[in-house]
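Trainee:
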């Protein structure tokens with residue numbers, strides 16, 4: 020790895036002091052970045068009576084989590100979010116990998132038109148097409164259904180992911196595919212059997228991102244679903260207004276919603292970091 | 023290299039179209055069609071329980087662009103939010119990337135900690151901040167009072183509430199910049215930096231004359247993507263303040279949402295959404311042009 024050594028800022032201080040300052044800065048920054056999440060976890064462990072003075076009491080409990088899971092709506096929302104995020108990830112990858120491949124390997128009017136379309140639609144604010152999508156969903160009978168929430172989630176990632184995928188395929192040498200074509204492989208064969216396997220790390224990175232984005236998404240679900248398909252972000256936002264004073268329960272729900280995202284991100288971290296090198 | 027010179031021209035076109043067909047179809051059905059329907063709705067008197075849908079021309083557009091709340095609160099808020107959020111997270115992200123761009127013990131762990139906000143849903147981030155900035159029981163006021171200052175009713179006054187929204191957004195997005203800029207830093211050639219060190223160039227000059235110009239392409243991409251995303255921010259405002267106090271922290275997305283789904287005036291809500299879409303399209307094209315020029319300069 021090409022580490023760039025730069026002249027140090029406090030060059031006239033002794034080495035030990037410099038190291039100490041550097042270490043303190045790093046610890047301080049990490050603390051500030053992690054603090055909101057740590058605070059949330061701490062709140063989720065406090066009993067009802069202690070929650071208003073989180074920083075003082077010493078009683079801790081796991082009861083909040085148990086109480087949250089007695090609420091059927093919360094359990095249902097977790098299941099719905101997980102199913103929708105997983106399906107959306109699968110189908111998003113299916114359609115964006117091929118569209119990104121096309122953008123990367125072919126020049127000409129078809130390719131540049133598609134690229135222009137993607138750039139423009141990437142700019143359109145979600146609200147500008149989700150408000151009318153509400154009418155569309157109503158008239159197609161898709162309002163408050165799985166499919167009605169899943170399809171927009173697949174559609175929304177097409178622009179950004181096709182563009183990222185193009186970048187990944189640009190970094191893969193196409194000469195192997197040309198060789199395969201000369202050897203009598205079809206274009207589909209060259210794409211599926213030669214190009215695709217070398218793009219797997221990038222696809223994994225996109226998969227992790229897509230799952231996180233869908234799990235965390237709020238606006239679509241708020242507008243396109245009612246009571247039949249609750250998802251976790253909407254249920255939590257309702258908690259804020261409905262049980263605004265029971266912060267311990269809200270914190271417990273939020274912590275539970277963080278767990279799958281954390282696990283996935285820990286597992287996928289190396290792919291994402293490698294995959295995001297633009 | 024495109025293989026455009028092959029004789030199988032028709033077959034190649036067919037292959038290309040098949041590759042984009044599923045994506046294109048989905049976009050047509052779930053983005054293009056709704057936008058067309060929304061454009062149509064914006065010219066009509068379309069309330070949820072008023073099925074007549076009378077054509078009213080540009081009346082909704084006129085109502086939105088002469089609405090003092092839109093002109094004097096929502097638009098300035100949206101652009102202020104966009105600029106401060108993008109620049110704040112860029113500055114912080116660049117500083118962190120520079121700090122992390124040297125080997126030290128525990129670097130992996132630090133990197134993981136800094137990535138935490140990336141995994142947190144904006145709704146959850148907003149709930150956390152709402153709790154921390156709670157005026158009676160929040161930790162922020164507890165610390166302030168412990169230090170002898172007076173606690174603030176953070177979410178009850180316009181500018182402090184706006185500040186909390188900005189803080190939440192910057193916390194959420196700084197890791198993106200750090201990650202992308204760190205990757206950019208690590209791919210820079212090292213020779214110019216070694217030469218500068220031998221010449222005894224000051225750190226600040228190295229930063230402004232070497233690091234920043236060489237990172238320009240990465241910075242440009244980050245800024246364009248985030249500026250466009252910042253324009254449509256909804257989740258954190260909805261959860262933190264709901265646009266309040268009053269309507270003083272409303273951003274564009276929330277304004278359109280309130281018109282369409284709380285006032286149940288889908289026509290005017292669609293008009294507001296179209297106006298916002300047009301504004302960001304212009305901003306997007308200008309940003310693309312400007313940054314393209316910067317990246318090539």
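Chains as they are written, first to last, in this note's numbering: chain A, 20 to 297; chain B, 23 to 319. Think of the CB as a built atom: it goes at the ideal place given N, C-alpha and C, for glycine as much as any other residue. Keep in mind the model is a prediction, meaning the values are calculated, not measured.
(1) Can you tell me where the beta strand (DSSP E) with residue 65 of chain A in it begins and where it stops?
(2) Less than 8 angstroms between the C-beta atoms of residue 171 of chain A and residue 152 of chain A, yes or no?
(3) Chain A beta carbons: is any one of them nearer than 8 angstroms to that of residue 181 of chain B?
(4) Between which residues of its own chain and residue 287 of chain A is the CB-CB distance below 6 angstroms, once the five residues before and five after are set aside?
(5) Can you name, in chain order, every residue of its own chain whose Cβ lies under 7 angstroms from the Cβ of residue 110 of chain A, other than the five neighbours on each side?
(6) From which residue to which residue does the beta strand (DSSP E) around residue 67 of chain B run?
(7) Counting only Cβ pairs nearer than 7 angstroms, list the residues of chain A close to residue 199 of chain B.
(8) Taking buried to mean at least 16 other C-beta atoms within 10 Å of its own C-beta, is residue 219 of chain A buried or exposed?
(9) DSSP on residue 291 of chain A, reduced to helix/strand/coil?
(10) Listing by chain order, which chain B residues have their CB less than 8 angstroms from the CB of residue 103 of chain A?
(11) Name, please, each residue of chain A whose Cβ falls closer than 7 angstroms to the Cβ of residue 67 of chain B.
(12) Following the continuous alpha helix (DSSP H) through residue 180 of chain B, name the residue where it begins and the one where it ends.
(13) Chain B beta carbons: is any one of them nearer than 8 angstroms to that of residue 59 of chain A?
(14) Would you call residue 232 of chain A buried or exposed, if buried means 16 or more other Cβ atoms sit within 10 Å of its Cβ?
(15) Counting only the same chain and skipping the five closest in sequence on each side, list residues whose C-beta sits under 6 angstroms from that of residue 197 of chain B.
(16) Decide if residue 23 of chain B is buried, meaning its Cβ has at least 16 other Cβ atoms within 10 Å, or exposed.
(17) Please state whether DSSP places residue 163 of chain A in a helix, a strand or coil.
(18) On the three-state DSSP scale, how would you describe residue 130 of chain B?
(19) Check whether chain B comes within 8 angstroms of residue 19 of chain A, counting only Cβ atoms and requiring the distance to be less than that.
(20) For the alpha helix (DSSP H) that residue 230 of chain A lies in, which residues bound it at each end?
(21) Do residue 276 of chain A and residue 251 of chain A have their CB atoms nearer than 8 angstroms?
(22) Could you give the C-beta distance for residue 112 of chain B and residue 199 of chain B, rounded to a whole number, given that I count them as a contact under 8 angstroms?
(23) Would residue 94 of chain A pass as a contact of residue 56 of chain B if the rule is Cβ separation under 8 angstroms?
(24) Please confirm whether residue 66 of chain A has its beta-carbon closer than 8 angstroms to some beta-carbon of chain B.
(25) Starting from the beta carbon of residue 250 of chain B, find every residue of chain A whose beta carbon is closer than 8 angstroms, and list them in chain order.
(26) Have a look at residue 251 of chain B and residue 107 of chain B and give me their C-alpha separation to the nearest angstrom.
(27) How long is the line joining the alpha carbons of residue 175 of chain B and residue 236 of chain A, rounded to whole angstroms?
(28) Tell me the rounded alpha-carbon separation between residue 267 of chain A and residue 259 of chain A.
(29) Taking C-beta to C-beta, are residue 261 of chain B and residue 145 of chain B nearer than 8 angstroms?
(30) Between residue 192 of chain B and residue 46 of chain A, what straight-line distance do the alpha-carbon atoms span, to the nearest angstrom?
(31) So residue 261 of chain A is in the alpha helix (DSSP H); what residue range does that whole segment cover?
(32) With three or more C-beta pairs closer than 8 angstroms as the rule, is the segment 38-58 of chain B touching the segment 263-272 of chain B?
(33) By the DSSP assignment, the alpha helix (DSSP H) with residue 126 of chain A in it spans what residues?
(34) Helix, strand or coil for residue 78 of chain B per DSSP?
(35) Which same chain residues end up closer than 7 angstroms to residue 240 of chain B when comparing Cβ atoms and leaving out the 5 residues on each side of it in sequence?
(36) Is the CB of residue 185 of chain B under 8 angstroms away from at least one CB in chain A?
Mentor: Taking the coordinates as given:
(1) Looking at the DSSP string, residue 65 of chain A is not in any beta strand (DSSP E), and its letter there is neither H nor E.
(2) yes
(3) Residue 181 of chain B does not count as touching chain A.
(4) Around residue 287 of chain A: 227.
(5) 173
(6) 66-69
(7) Those within 7 angstroms of residue 199 of chain B in chain A number zero; the least Cβ separation is about 11 angstroms.
(8) So residue 219 of chain A ends up on the exposed side.
(9) helix
(10) In chain B, no part has a C-beta under 8 angstroms from the C-beta of residue 103 of chain A; the shortest such distance is about 14 angstroms.
(11) Here the premise fails: no neighbours, minimum Cβ distance about 14 angstroms.
(12) 180-208
(13) For residue 59 of chain A, at least one C-beta of chain B is nearer than 8 angstroms to its own C-beta.
(14) buried
(15) Correct list, in chain order: 136, 137, 139 and 140.
(16) Per-residue confidence for residue 23 of chain B stands at a pLDDT of 42, beneath the threshold of 50, marking its modelled position as unreliable; the derived number appears in the next sentence. A residue is called buried when at least 16 other Cβ atoms come within 10 angstroms of its Cβ; residue 23 of chain B does not meet this threshold and is exposed.
(17) coil
(18) helix
(19) Residue 19 of chain A cannot be examined here, being either before or after the span of chain A that is shown, 20 to 297.
(20) 219-235
(21) yes
(22) 6 angstroms
(23) no
(24) No, no contact with chain B.
(25) 141 and 142
(26) Rounded to whole angstroms, residue 251 of chain B to residue 107 of chain B spans 10 angstroms at the Cα level.
(27) 29 angstroms
(28) 12 angstroms
(29) yes
(30) 19 angstroms
(31) 251-261
(32) no
(33) First-last for residue 126 of chain A: undefined, no H or E at that position.
(34) coil
(35) 202, 203 and 206
(36) no
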